[in-house]
Amino acid sequence: MPFRKACGPQLANSPTVIVMVGLPARGKTYISKKLTRYLNWIGVPTKVFNVGEYRREAVKHYSSYDFFRPDNEEAMKVRRQCALAALRDVKLYLTEEAGQIAVFDATNTTRERRGMILNFAKENGFKVFFIESVCNDPTVVATNVMEVKLSSPDYRDCNSTDAMEDFMKRINCYQASYQPLDPDDYDRELSLIKVIDVGRRFLVNRVQDHIQSRIVYYLMNIHVQPRTIYLCRHGESEFNLKGKIGGDSGLSNRGKKFALALNKFVGEQNLKDLKVWTSQLKRTIQTAEALQLPYEQWKALNEIDAGVCEEMTYEEIREQHPEEFALRDQDKYYYRYPSGESYQDLVQRLEPVIMELERQENVLVICHQAVMRCLLAYFLDKSADEMPYLKCPLHTVLKLTPVAYGCRVESISLNIEAVNTHRERPEEAKKGPNPLMRRNSVTPLASPEPTKKPRINSFEEHVAVSSALPGCVPQEVPTQLPGQPLLGKACLT
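End of the sequence shown sits at 477 in our numbering; the numbers just go up one at a time, nothing left out.
Right, dumping it as structure tokens:
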């Protein structure tokens, strides 16, 4: 009798195996890669194990759909061995390579195969969470085959018509033995989510822990509709000219020119229902005012809090806080400014923004250097080590277009001069982090607690300067509900 009980280790922090389930061309690999990108971004070490890649390694030359026929005993043996090889690597990753989540990306369409995985997880003390993608819309399936599957190595030397015909026959081979997850009876003890018709409906069963609940929340927010996300920083600020970090200064003259150039750029894009988001700091608000469009202010988009180093130049920090300056260079992602934030803190603060971005269609985010780096790292799948050094120059728009398994990025300079605020990774940091470096903790990294400079004196002062651009007049300050972004109004002309 197959093992049917949910694998429930006593440890709350046990590693988890995410098991994909579904027929070919149902978006399993898309979900696997996108979910893995998200989990790594929030700091949960995750890796995809795609059984198809193991199969292509074992069988160098793919001939036809005959390989996937259920009565092809020789091929069935090969496919089982590939699945076992992938599970061995899953075990290695979760037990010896500090992995926390392994995504087992395969069809896993039979109870026998899923029972084998459950037994494997039970033997090793891993939790299991199933994600089944169900889609019976032939148009969606055909589109997926055309956009993704025909470019597979399996069809490298095959014309598209023959490849399409072969792949549809491959789907039929799986269809004959497909046993969907049954949360009402056979699989009622399993932890799972069914994603139905590309997110039209969801069915969730027995979520075991915090990370599984976050996975469910994430999957319920993503969509596959075509859209474009634009990321840019505010126009050059007065503090940028002085080399100061943080603070809440207004735009320089060149920054105001960029705001006007951004208005022209946005108009040329001819975007339907474009949403504009800013932080609650003057320089992003002044930039958005030039667009003459409604915009939302997000506190979560405020620049990284430099704590006691706010409104200082890097030279001043080196002179007045030499130890902090050195510590930040050693590991920029984990370093937390005294009474301020780290990049790690910033990622946690920006998670709601990412969730909302995933729900939206066309969005322009006007933000800050560190914030833009964090957002860009999510979309481009950059590591925590790379994130703090991503180049996000002033007066440049990054156009992000989601594609099959990733995101295409286009850098567009609006040809308005600005200072360069990018600091390259120091040579000492390239040698690796100092093992004696203080890491994040409940309290700030620095032991003394100097008086922290206020980031914003008052919102009224904030609004008063938003009329810095010609033709703009201060607007009535909107009421902000707890946890909601402020809604900004375009300036009246």
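Cβ atoms here follow ideal geometry from the backbone N, Cα and C, with glycine treated the same way.
(request) Just the C-alpha distance for P(-1) and T380, rounded to the nearest angstrom, thanks. (result) Those two C-alpha atoms are separated by around 41 Å.
(request) Using a threshold of 8 Å, state whether the C-beta atoms of G234 and A290 are closer than that. (result) Against a cut-off of 8 Å, the Cβ pair of A290 and G234 comes out as no contact.
(message) Taking the straight line between their C-alpha atoms, what separation do you get for E149 and A69?
(response) If you take the alpha carbons of E149 and A69, they lie about 30 Å apart.
(request) Rank L341, E294, E342 and R184 by C-alpha distance to the C-alpha of R320 and give the top, closest one. (result) With respect to the C-alpha of R320, the residue from L341, E294, E342 and R184 having the closest C-alpha is E294.
(message) Three Cβ pairs or more, each shorter than 8 Å: is that satisfied between the stretch 54 to 74 and the stretch 349 to 363?
(response) With the cut-off at 8 Å, the stretch 54 to 74 and the stretch 349 to 363 do not touch.
(message) Using the Cβ count rule (16 or more neighbours within 10 Å means buried), how would you classify Y202?
(response) Answer is buried; the Cβ neighbour count reaches 16.
(message) So the candidates are T127, T94 and L71; which of them puts its Cα closest to the Cα of E107?
(response) Checking every option, the nearest Cα to that of E107 belongs to L71.
(request) Over the uninterrupted beta strand (DSSP E) stretch that includes S117, give me the two end residues. (result) If you look at S117, you'll find it in the beta strand (DSSP E) that goes K111 to V118.
(message) Measuring straight from C-alpha to C-alpha, what distance separates Q159 and F151?
(response) Going from the Cα of Q159 to the Cα of F151 covers about 12 Å.
(message) Rounded to whole angstroms, what is the Cα-Cα separation between Y327 and Q264?
(response) Taking C-alpha positions only, Y327 is separated from Q264 by approximately 19 Å.
(message) Restricting to Cα atoms, I'd like to know which of I213, F309, Y214 and V5 is closest to V35.
(response) Among I213, F309, Y214 and V5, the Cα nearest to that of V35 is on V5.
(request) For the alpha helix (DSSP H) holding R64, just list the boundary residues, first then last. (result) E57 to E80 is the span of the alpha helix (DSSP H), which, as asked, contains R64.
(request) Decide if the stretch 344 to 354 is in contact with the stretch 386 to 404; the criterion is three or more beta carbon pairs, one per stretch, under 8 Å apart. (result) Contact fails between the stretch 344 to 354 and the stretch 386 to 404, because fewer than three Cβ pairs, one in each stretch, are under 8 Å apart.
(message) From the DSSP secondary-structure annotation, give me the bridge partner or partners of Q215.
(response) This sequence places Leu at residue 215; Gln is not what is there. L215 is bridged to V349 and L382.
(message) Please state the DSSP three-state secondary structure of L235.
(response) DSSP places L235 within a strand segment (E or B) once states are collapsed to three.
(request) Would you mind reading off the limits of the beta strand (DSSP E) that contains S397? (result) For S397, the enclosing beta strand (DSSP E) begins and ends at G390 to S397.
(message) Helix, strand or coil for E460? Go by DSSP, reduced to three states.
(response) Low confidence applies to E460: its pLDDT is 40, below 50, so where it sits in the model is not reliable, and the reading given next is rough at best. In the structure shown, E460 sits in coil (DSSP, three-state: anything other than H, G, I, E or B).
(message) Could you check whether W261 and E280 sit closer than 8 Å to each other, using their CB atoms as the reference points?
(response) Yes. Within cutoff.
(request) Could you spell out where the beta strand (DSSP E) holding F88 opens and where it closes? (result) For F88, the enclosing beta strand (DSSP E) covers residues I85 to D89.
(request) Over the uninterrupted alpha helix (DSSP H) stretch that includes Q159, give me the two end residues. (result) S144 to Q159 is the extent of the alpha helix (DSSP H) around Q159.
(request) Find out if the Cβ-Cβ distance for the pair G231, F223 is shorter than 8 Å. (result) In this structure, G231 places its C-beta atom within 8 Å of the C-beta atom of F223.
(request) Counting only the same chain and skipping the five closest in sequence on each side, list residues whose C-beta sits under 6 Å from that of E345. (result) Leaving aside the five residues that flank E345 on each side, the residues in its chain whose CB is nearer than 6 Å to its CB run, in chain order, R211.
(message) Which residue wins for smallest C-alpha separation from I206, given the options V337, K61, Q332 and L374?
(response) Here the closest residue by C-alpha is V337.
(request) Kindly indicate which three-state DSSP category E303 falls into: helix, strand or coil? (result) Of the three classes helix, strand and coil, the one that applies to E303 here is helix, per DSSP.
(message) Nearest by alpha-carbon distance to L7: which of R21, N103 and A126 is it?
(response) It is A126.
(message) Buried or exposed for V3, going by 16 or more other Cβ atoms inside 10 Å?
(response) So V3 counts as buried.
(message) Looking at R190: is its Cβ nearer than 8 Å to the Cβ of S175?
(response) It is a contact, given that the beta carbons lie within the stated cut-off.
(message) One question on the structure: do R95 and Q163 come within less than 8 Å of each other, judged by their Cβ atoms?
(response) In this structure, Q163 lies closer than 8 Å to R95 by Cβ.
(request) State buried or exposed for K61, treating a residue as buried only when at least 16 other CB atoms are found within 10 Å of its CB. (result) Exposure of K61 is indicated by the presence of fewer than 16 other C-beta atoms within 10 angstroms of its C-beta.
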